[in-house]
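Student: Those protein sequences? They're chains A and B, same order as listed. Going by the numbering used here, the first sequence opens with residue 1, and the numbers climb by one from there. Going by the numbering used here, the second sequence opens with residue 188, and the numbers climb by one from there. Next up is a structure, given as structure tokens.
Number of protein chains: 2
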Amino acid sequence: MALYGASTEYVLHSLLWLVDTKEPLSSLDLADLQEIPSAFMAKLLPKLEKAGILHASEGMKGGYVLAKPAWEISVLSVVDAIEGRKSLFNCQEIRGRCALYSEGPPRWATQGVCGIHAAMLRAEQAMREELAKTTLADLSDIVRKKAPSQFLDEAQSWFGNRVKTRREGSVRKNKILKKSVNNKELP
Amino acid sequence: MALYGASTEYVLHSLLWLVDTKEPLSSLDLADLQEIPSAFMAKLLPKLEKAGILHASEGMKGGYVLAKPAWEISVLSVVDAIEGRKSLFNCQEIRGRCALYSEGPPRWATQGVCGIHAAMLRAEQAMREELAKTTLADLSDIVRKKAPSQFLDEAQSWFGNRVKTRREGSVRKNKILKKSVNNKELP
DNA sequence: AAAACGAGGACCTATATTGTCTGCGTTATG
DNA sequence: CATAACGCAGACAATATAGGTCCTCGTTTT
Numbered sequence: 001m002a003l004y005g006a007s008t009e010y011v012l013h014s015l016l017w018l019v020d021t022k023e024p025l026s027s028l029d030l031a032d033l034q035e036i037p038s039a040f041m042a043k044l045l046p047k048l049e050k051a052g053i054l055h056a057s058e059g060m061k062g063g064y065v066l067a068k069p070a071w072e073i074s075v076l077s078v079v080d081a082i083e084g085r086k087s088l089f090n091c092q093e094i095r096g097r098c099a100l101y102s103e104g105p106p107r108w109a110t111q112g113v114c115g116i117h118a119a120m121l122r123a124e125q126a127m128r129e130e131l132a133k134t135t136l137a138d139l140s141d142i143v144r145k146k147a148p149s150q151f152l153d154e155a156q157s158w159f160g161n162r163v164k165t166r167r168e169g170s171v172r173k174n175k176i177l178k179k180s181v182n183n184k185e186l187p
Numbered sequence: 188m189a190l191y192g193a194s195t196e197y198v199l200h201s202l203l204w205l206v207d208t209k210e211p212l213s214s215l216d217l218a219d220l221q222e223i224p225s226a227f228m229a230k231l232l233p234k235l236e237k238a239g240i241l242h243a244s245e246g247m248k249g250g251y252v253l254a255k256p257a258w259e260i261s262v263l264s265v266v267d268a269i270e271g272r273k274s275l276f277n278c279q280e281i282r283g284r285c286a287l288y289s290e291g292p293p294r295w296a297t298q299g300v301c302g303i304h305a306a307m308l309r310a311e312q313a314m315r316e317e318l319a320k321t322t323l324a325d326l327s328d329i330v331r332k333k334a335p336s337q338f339l340d341e342a343q344s345w346f347g348n349r350v351k352t353r354r355e356g357s358v359r360k361n362k363i364l365k366k367s368v369n370n371k372e373l374p
């Protein structure tokens, strides 16, 4: 229905939270804060790591940090990392499929790029150039201008408290408990 | 996988055949010439008629003709008619979904357009402007420069012969025959 | 040793796209 | 005036993709 879906939206919003944070944030923290399905987020962020946008650290106290300064991360690079270089239009070379071509299409018909395809490619290029102009720093500035500084502080301490409460009740813990209960019931 | 699919491709190629033709062409003729599923084409072209791009004439010897000169029909208008004004990105207002907002999002958070959405809208606008620049006349020129005039004449006479052979073996006829055979077998 | 991470794969489901088939009204033609 | 060739509309079916869940594994801190 749209070229870019919820995955891209989730990831871009998550990246904004990472701009001002020094310590690594986990995919679970990012998902819970934004009320986004956490298991889904966990599948998205590794793509950004492979694209060199995020740096991941494993193990307890691990998580994600921007791998580059925010002004060097364009919206285009994020979109490409998540959606995988989607094109606007997928040419099927209809021009070579004419019933009048008895034995395959002649050379003049399939030479160069199809005119329709070319028009689509120009539009796609214009779109990509526009997406390349905006960086994470630009987006972050917009948020910071809108939000009261008090809120941004609250957010920082929310992440901080999360680090402290790792030991207490977490989503994972509950799942593991449920699992061990099941294991005991099985045999 | 792509924003614009096969429907758009089929229709744009079909419109090119209509540029130089005076007599109405049926969806079946257009489909058969380009080896495109004809029943599918028959569902597409009425959309162009509603959008004011094609003029349809019903009944025998009916078919489609361009409703406007080719230089007034942009690729954008065709795409919109077929795909229905698809947007590049569908904003779900993630910014209003923060766990820190205890009783709904504050005004400052949801004021104006989301920064991420705005960037996508700029890209979409750039794409649409580019698609608006190309017209059917432009595309038709490209084809006419490539194709030998002999081929274009052959195509015209193919359409002409089709009109003559209406009475003879057509796809529809075979289907109707099959149907009556089945009807006889049923009781 | 256990808890909290990331990575990755199997799996499920809802929806959009692509296509087929039917019936109905309209128009030219013999 | 019957019929063939049209456009139009809607009911399906098949397939692909996006979105989402769950489970297992290895790593790192405490």
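The beta-carbon is built from N, C-alpha and C at its ideal position, and this holds for glycine as well.
1) Just list the residues that DSSP pairs B/Gly250 with in beta bridges.
2) Please report how far the alpha carbon of A/Pro148 lies from the alpha carbon of A/Leu139, in whole angstroms.
3) Under 8 Å: do the stretch 55-62 of chain A and the stretch 115-135 of chain A share three or more Cβ pairs, one atom per stretch?
4) From A/Ile176 to B/Ala305, what does the alpha carbon distance come to, in whole angstroms?
5) Give every residue of the same chain whose Cβ lies closer than 8 Å to the Cβ of A/Val143, excluding the five residues on either side of it in the sequence, and list them in chain order.
6) Which residues of chain B have a Cβ atom closer than 7 Å to the Cβ of A/Arg122, listed in chain order?
7) Starting from the beta carbon of A/Lys86, find every residue of chain B whose beta carbon is closer than 9 Å, and list them in chain order.
8) B/Leu212 by DSSP, collapsed to three states: which one?
9) With distances taken Cα to Cα, identify the nearest neighbour of A/Met41 among A/Thr21, A/Ile82, A/Met1, A/Leu66.
10) Along the chain, where does the alpha helix (DSSP H) containing A/Glu129 start, and where does it finish?
11) DSSP on B/Tyr191, reduced to helix/strand/coil?
12) Could you name the residues of chain A that B/Phe227 contacts, counting a contact when the two beta carbons are closer than 9 Å?
13) Which residue from A/Ile73, A/Ile36, A/Pro37 puts its Cα closest to that of A/Gly52?
14) Taking Cβ positions only, does B/Ile269 come closer than 9 Å to chain A?
15) Let me check understanding here. Comparing Cα to Cα, which of A/Pro106, A/Leu76, A/Ala109, A/Leu54 lies closest to A/Arg85?
16) Does the beta-carbon of A/Asp20 have 16 or more other beta-carbons within 10 angstroms, so that it is buried, or is it exposed?
Tutor: Let me spell this out:
1) As a working mapping, residue 250 of chain B is identified with position 63 in the second sequence. Paired residues: B/Ser244.
2) Position 148 of the first sequence, counted from the start, is the residue given in the question as residue 148 of chain A. Position 139 of the first sequence, counted from the start, is the residue given in the question as residue 139 of chain A. Computed Cα separation, rounded: 16 Å.
3) no
4) The residue given as residue 176 of chain A occupies position 176 in the first sequence. The residue given as residue 305 of chain B occupies position 118 in the second sequence. With a pLDDT of 43 at A/Ile176, under the threshold of 50, the modelled position of that residue is not reliable, and no figure is offered here.
5) Sequence index remark: in the first sequence, residue 143 of chain A carries index 143 (1-based). Excluding sequence neighbours, A/Val143 sits near Leu16.
6) Position 122 of the first sequence holds residue 122 of chain A. Within chain B, the residues near A/Arg122 are Glu317.
7) By 1-based counting over the first sequence, the position of residue 86 of chain A is 86. Ordered by position in chain B, the residues that pass the 9 Å Cβ test against A/Lys86 are Met188, Ala189, Leu190.
8) Numbered from its first residue, the second sequence carries residue 212 of chain B at position 25. Three-state DSSP puts B/Leu212 in a strand.
9) Counted from its first residue, the first sequence places residue 41 of chain A at position 41. Out of A/Thr21, A/Ile82, A/Met1, A/Leu66, A/Ile82 has the C-alpha closest to the C-alpha of A/Met41.
10) To locate residue 129 of chain A, count along the first sequence from 1; it is residue 129. Looking at the DSSP string, the run of the alpha helix (DSSP H) that includes A/Glu129 is 115-133.
11) By one-based count along the second sequence, residue 191 of chain B stands at place 4. B/Tyr191: strand per DSSP, three-state reduction.
12) Position 40 of the second sequence, counted from the first residue, corresponds to residue 227 of chain B. What B/Phe227 touches in chain A: nothing, since even the nearest Cβ is about 13 Å away.
13) Within the first sequence, residue 52 of chain A is the residue found at index 52, counting from 1. Here the closest residue by C-alpha is A/Ile73.
14) Within the second sequence, numbered from 1, the residue matching residue 269 of chain B stands at position 82. Not closer than 9 Å to any Cβ of chain A, the Cβ of B/Ile269 fails to qualify, so no.
15) For the purposes of this step, residue 85 of chain A is identified with residue 85 of the first sequence, where counting begins at 1. Among A/Pro106, A/Leu76, A/Ala109, A/Leu54, the Cα nearest to that of A/Arg85 is on A/Leu76.
16) For this step, residue 20 of chain A is matched to residue 20 along the first sequence. By the 10 Å Cβ count, A/Asp20 comes out exposed.
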